[in-house]
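Colleague: First the structure, which I've put down as structure tokens, then a few questions once you've had a look.
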Amino acid sequence: MKQFLSLRDLSSAEIDSLLANAKGLETNADRSRLEGKVLGLLFMNPSVRTLASFQSAMARLGGSSFVIAPGQNSWDMEWRRDCTMDGDAAEHFKEAIPVLEEYCDALALRCFAAGDHLDEDLCDPIINTVASLSKKPLINLESAMDHPCQALADWKTMDDLGIGRGKTKFVLSWADHPKALPLAVPVATLDMALRRGMDVTILTPRGFELPQSVMASAAVLAAGTGSVLHETNDQSEAMDGAQILYAKSWQSTVAYGDPEYEAELRACARQEDWQVRESWFDVALSDARLMHCLPVRRNVVVADEVLDGRRSVVTLQARNRLYTQMSVLCHLFPENQE
Ligand code: CP
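The opening residue of the sequence shown carries number 10 in this note's numbering; numbering runs sequentially from there.
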């Protein structure tokens, strides 16, 4: 494994190997495994879990890391080609990426979608630009359309709980939020759930269905794994027999880049009540679980009664970020490589 940009790039055997190694690292980590290695963490957007867990992972394996947050602790940076840099950005990725790679052994990047043009964001332009400039292992810390670190941790979380393989009903649901959030987590979660062979229902209010191209790829994947893929706007229909509810808010794809239309659609959704409450689980399996990648706005996205109740596994998901990322780092730096 030379890069970690998407679970889509990995074979089933590679994913199984990452997960098996992560399990071992929970109880037995070689504290000098990455001695002398440096990870460069480039954050174009904020983070708690991704930043803290990667720094902790490097430290626990004997390596170290540095953090660059353009506009916060460093120069604003530009990534677009052929632009005139007369705005806030003082540095271009064309210089910054090779320079940073002189100081580290692997680079990791967080670069959210701009949220203005769906076609452009679907191409994941920033991570692909950096991949084209990078000569060292590159890790995706959440790009416009993918969050493989979260997806891998979520995969392990379901394995730990002994749920979510085969004919398990997995509901990926839109939930309320005051802001238009990126599509990276729902797209990565959909892919992960199908790859595990689960039956996936996508639950959204009207106007928040996932992009057609994402659904087309998902349909191909579902056909390959024998999964059932279903979309609905009906909460009861979706939750009937559900084992897992994965809640997440995301930007409307029909109102993409149009804040007024987006606000209209959200106001309509609010009338139907898209905050996850315990009553959602009335028709689910009795031991159904709630998953969310965090951060989560309490009593907006998910009610206290669910987050504080027996169903919530959000802390376990966050905990698993550490071990799955330690595993990714070990795979990027094989022991016999010099
Ligand atoms: N889930 C996740 O990536 O959390 P952060 O945005 O805090 O890193």
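A virtual CB, placed ideally from N, CA and C, is assigned to each residue, including glycine.
On a predicted model such as this, the values are computed, not experimentally measured, just so you know.
With 7 Å as the threshold, decide whether the Cβ of K144 is near any Cβ in chain B.
Modeller: Absent from the structure is chain B; it holds one protein chain and no more.
Colleague: Can you round the beta-carbon distance between E271 and A189 to whole angstroms, since I take them to be within the 8 Å contact cut?
Modeller: 5 Å
Colleague: Answer yes or no: do M10 and H340 have a C-beta to C-beta separation smaller than 7 Å?
Modeller: Yes.
Colleague: Considering only residues of the same chain and omitting the five flanking positions on each side of L344, which have a CB-CB separation below 7 Å?
Modeller: Here residue 344 is Glu; the residue named in the question, Leu, does not match the sequence. The answer is none, since no qualifying residue turns up.
Colleague: Please report how far the alpha carbon of G72 lies from the alpha carbon of R42, in whole angstroms.
Modeller: 8 Å
Colleague: Grouping DSSP H, G and I as helix and E and B as strand, with all else coil, what is V209?
Modeller: Looking at V209 - three-state DSSP - the assignment turns out to be strand.
Colleague: Taking just the CA atoms, how far does S20 sit from P187?
Modeller: 37 Å
Colleague: Are H126 and G266 touching if we call contact CB-CB under 7 Å?
Modeller: yes
Colleague: Inspect the CB distances between the stretch 168-183 and the stretch 201-216 and report whether three or more fall short of 8 Å.
Modeller: yes
Colleague: Nearest to P214 by CA position, among M86, Q284, T234, S65, is which residue?
Modeller: Q284
Colleague: Are the beta-carbon atoms of N30 and S336 separated by less than 7 Å?
Modeller: Cβ atoms of N30 and S336: closer than 7 Å.
Colleague: Cα-Cα, which of W88, K145, A105, V108 is closest to A122?
Modeller: W88
Colleague: Could you say which of R40, V311, R307 lies nearest to R298 if we only look at CA atoms?
Modeller: V311
Colleague: Using only alpha-carbon positions, find the residue among A276, F342, A256, A232 that is nearest to R307.
Modeller: A256
Colleague: Nearest-angstrom Cα distance between C158 and M94?
Modeller: 32 Å
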